[in-house]
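Okay, so here's the structure we're looking at.
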Amino acid sequence: MSSTSMPDPDEFRDDSAERPQACGPRRRTVSQGPAAGHEVLSNPASARISRVAGLSRRNARTKHRRFLVEGPQGVREAVRHAPGRVLDVYLTEAALERHSEIWDEAVAAGLYVHVTTQQVMDAMSPDAQGLLAVVATEEATGSEALTAALEGARLVAVLTQAQDPGNAGTIIRAADAAGADAVVLVRGSVDPTAPKVVRSTAGSLFHLPVVTGVALDDAVTALHNAGLTVLAADGRGDFDLFEAKSLLEAPSAWLLGNEAHGLPSEALSRADAVVSIPIYGKAESLNVAAAAAVCLYASARAQAQNSSRS
1 MSSTSMPDPD EFRDDSAERP QACGPRRRTV SQGPAAGHEV LSNPASARIS
51 RVAGLSRRNA RTKHRRFLVE GPQGVREAVR HAPGRVLDVY LTEAALERHS
101 EIWDEAVAAG LYVHVTTQQV MDAMSPDAQG LLAVVATEEA TGSEALTAAL
151 EGARLVAVLT QAQDPGNAGT IIRAADAAGA DAVVLVRGSV DPTAPKVVRS
201 TAGSLFHLPV VTGVALDDAV TALHNAGLTV LAADGRGDFD LFEAKSLLEA
251 PSAWLLGNEA HGLPSEALSR ADAVVSIPIY GKAESLNVAA AAAVCLYASA
301 RAQAQNSSRS
């Protein structure tokens, strides 16, 4: 649905601030294409645009229980895989020409879709590449959410004290690509709805459960209760990743550490095995996101081979 076809009391969709002053310019509409006749939002200082821009701050995301998805890939995946959570889609006329399929899918799903000027888009997000969505936050926090996410799981990524948003998002994307069933961000990790995390997932945030707000001990207990072997990825490991076939074939969860300090001692002590990735060149180590991708794919491959033999 368009922004003009169904009024909504939602404060993020209040058009009153978009109306020009009596002496101001006439409201412009899209002249051609699938959005022909739809109003172009052109006031970057409106209350609505300011509220959307404010979602870059964690306190606003927490208060309003919604977050931003920036860029065509993320918006496309949100519309396709979580349309019930997409509250609004914004796109510039240039983005509409390049990605008309996103407009078509959003309208077909009955979503609110708004065309904006580039100036308005930049006011909401300088990183949106002409496409932005406001999405409701999914409540996947705490032990109950973790238990539900682990039902039937065979491969899980667990981030402990992860602080770098780019790495966190990349790990979520790698977990999705490797066929993992869930990602867990242990309490104290970065907010998965932070803009850079969301961008780095490239839409994978909408493909698998991402559970937050769980203490490390509770997470490990839940993983064991779900029948998963808990593996810690660490350079001091007792097992070489490529010689740990029996460990990798079993349903497993990988504990992944902080970018600067690695895994805390309590994580290493709770793991069933500590596994290291061999370094063949001169690099001291792998970045945590690269290490996560290697470990997750090693498990996925071993599990697939084991399944094909049985």
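In full-length UniProt numbering, the protein residues as written are 1 to 310. Where a beta carbon is used, it is the ideal one built from N, C-alpha and C, also for glycine. Just so it is clear, the structure is predicted and the values come from calculations on it, not from any experiment.
Ordered along the chain, which non-local residues of its own chain (more than five positions away) have a Cβ less than 6 Å from that of alanine 273?
So the list reads Leu231, Phe239, Leu247, once near-sequence residues are dropped.
Whose C-alpha, out of His114, Ser299, Val86, Gly203, is nearest the C-alpha of arginine 48?
His114
For glycine 24, which residues of its own chain have a beta-carbon under 7 Å away from its beta-carbon, when the five flanking residues on both sides are left out?
Below a pLDDT of 50, predicted positions are generally treated as unreliable, and glycine 24, at 35, falls in that range; the measurement from the model is reported next regardless. Once the five neighbours on either side are set aside, glycine 24 has no close Cβ partner at all.
To which residues of the same chain is alanine 106 closer than 6 Å at the C-beta, ignoring the five residues directly before and after it?
Val79, Val89, Val113
Contact between the region 147-166 and the region 118-137: three or more CB pairs below 8 Å?
no
Counting along the chain, where does the beta strand (DSSP E) carrying alanine 244 start and finish?
Element bounds for alanine 244: n/a, residue is neither H nor E.
Work out the CA separation of threonine 229 and leucine 223 for me, nearest whole Å.
8 Å
Which class does arginine 66 belong to by DSSP, given the choice of helix, strand or coil?
Three-state result, arginine 66: strand.
Taking only the alpha-carbon atoms, compute the straight-line gap between serine 46 and phenylalanine 12 and give it to the nearest angstrom.
11 Å
Need the endpoints of the beta strand (DSSP E) that leucine 256 sits in, please.
252-256
Among Arg76, Leu87, Asp191, which one has its Cα closest to the Cα of valine 210?
Asp191
Here's the rule: buried if 16 or more other CB atoms are within 10 angstroms of the residue's CB, otherwise exposed. What is threonine 116?
Buried: at least 16 other Cβ atoms inside 10 Å.
For arginine 301 and serine 276, which I take to be in contact (beta-carbon distance under 8 Å), what is that distance rounded to the nearest angstrom?
Incorrect: roughly 18 Å between the Cβ atoms, too far for contact.
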